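These notes concern the structure reproduced below.
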Amino acid sequence: MPAPHQTATSAAFFDLDKTIIASSSALAFSKPFLRQGLINRRAALKSAYAQLMFALSGADADRTERLRAEISRMCTGWDVNQVQAIVRETLHDVVAPLVYAEAAELIEHHKAEGRDVIVLSATGEEVVQPIAEMLGITHCMGSRMEIVDGRYSGKLDFYCYGEYKAVAARRIAAERGYDLASCHAYTDSSTDIPLLEVVGHPHAVNPDKALRRLAQERGWPIHTFVNPVSPRTRFPAPTAAVAVGLGIGAVAAGATLFGLSRRRHRDSGSR
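825 is the number of the first residue of the sequence shown in the working numbering; add one for each residue after it.
As structure tokens, this is what we get:
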């Protein structure tokens, strides 16, 4: 995280997948992985199907667990340098077309109102950060995967998911002096209800059934984002600084969003 500053007294926390972008940031890289030989055609087809199901029906806890297990088997042991090169070359083409115009406008609105905008995502921080930079967002937090001898080990150092997003929001607010009662939070998933409950202004975006029901019961605003942005009309070509910031690439996103079973998550949490 960047060094604390005292300018803003509140923030807007955003989930990434199906809140800022129209699909899974991890699964979106299946085509470039296929072209470079990291996955085979069968795995790519499974990934495409998973993206479709994610877009149509959201990602509840059970579905997320199944996707995590599948992609964990696929990407654990991949070479970090190879993945880094693939993501560096394809991030703008792969992710920019998925960004919701409504989300981009809302982000700019909060910045204009003097709030910090912070992305909290279960996707690997190596992918979350360049996406945030592409959107003009300087603050973000994602999951962190362990790397052993230049390869992904499948072990999790920090999982920015569910209740841990609320923990992250509290910690960031304490470090930066935010008044959480004045903060906003946006997400599509009922797994992020703990995050919504710690801020004074919770918002449901393209919510799953459970979140929609809760939002209606509690009177939380419900937003429908439907218009992905054309990358040529809103975002410039990626700069060298963004390319350098990609870090170890998108496999961390896949492995952290979908890569570990509940048992491994519990083991990581006990360390």
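All C-beta atoms, glycine included, are put in the ideal place defined by N, C-alpha and C. Bear in mind the structure is a predicted one, so any value in this text is a computation, not a measurement.
Who are the Cβ neighbours of Ala997 in its own chain at under 6 Å, not counting the five residues just before and after it?
If we look at Ala997 and ignore the five residues flanking it on each side, its Cβ neighbours are Leu1004.
Backbone CA spacing between Leu1035 and Tyr983 [nearest angstrom]
Taking the CA atoms as reference points, Leu1035 sits about 21 Å from Tyr983.
Can you pull the DSSP bridge partners for His1027?
Tyr1010
Cβ shell of Val1053 (< 8 Å), same chain only, five flanking positions each side left out
Ala920, Pro921, Val923, Tyr924, Ala925, Ala928, Phe1059
Contact check, Val805 vs Cys1007, beta carbons under 8 Å:
Any property of residue 805 remains undetermined from this structure, which presents the chain solely from 825 to 1095.
Which residue comes first and which comes last in the beta strand (DSSP E) that contains Asp981?
975-982
Can you tell me the Cβ-Cβ gap for Tyr1010 and His1027, rounded? I've got them flagged as a contact below 8 Å.
Correct: roughly 5 Å between the Cβ atoms.
On the premise that Asp903 lies in contact with Arg975, defined as a C-beta separation below 8 Å, what is that separation, rounded to the nearest angstrom?
6 Å
How should Asp917 be labelled, buried or exposed, when 16 other C-beta atoms within 10 angstroms of its C-beta is the threshold for buried?
With fewer than 16 other CB atoms across the displayed protein chains lying within 10 angstroms of its CB, Asp917 is exposed.
Taking the alpha carbon of Phe837 as the point to measure from, which residue in Thr831, Ser977, His963, Gln908 has its own alpha carbon closest?
His963
Please list the terminal residues of the continuous alpha helix (DSSP H) segment that includes Val946.
The sequence shown places Ala at residue 946, not Val. It is not in any alpha helix (DSSP H) - Ala946 instead sits in the beta strand (DSSP E) that spans 940-948.
Given Lys842, which residues of its chain have a CB within under 6 Å of its CB, disregarding the five upstream and five downstream residues?
Asp1012, Asn1030
Closest Cα partner of Met824 within the set Ile910, Met969, Val943:
Because the chain in this structure spans residues 825 to 1095, residue 824 falls outside the shown range and cannot be described.
Do Asp981 and Glu999 come within 8 Å of each other at the CB atom, strictly closer than that value?
no
Give the DSSP-derived three-state secondary structure of Ser849 in the structure shown.
coil
Neighbour flag for Asp841 against chain D, beta carbons, 8 Å:
Considering every chain present, this structure includes no chain D. It has just one protein chain.
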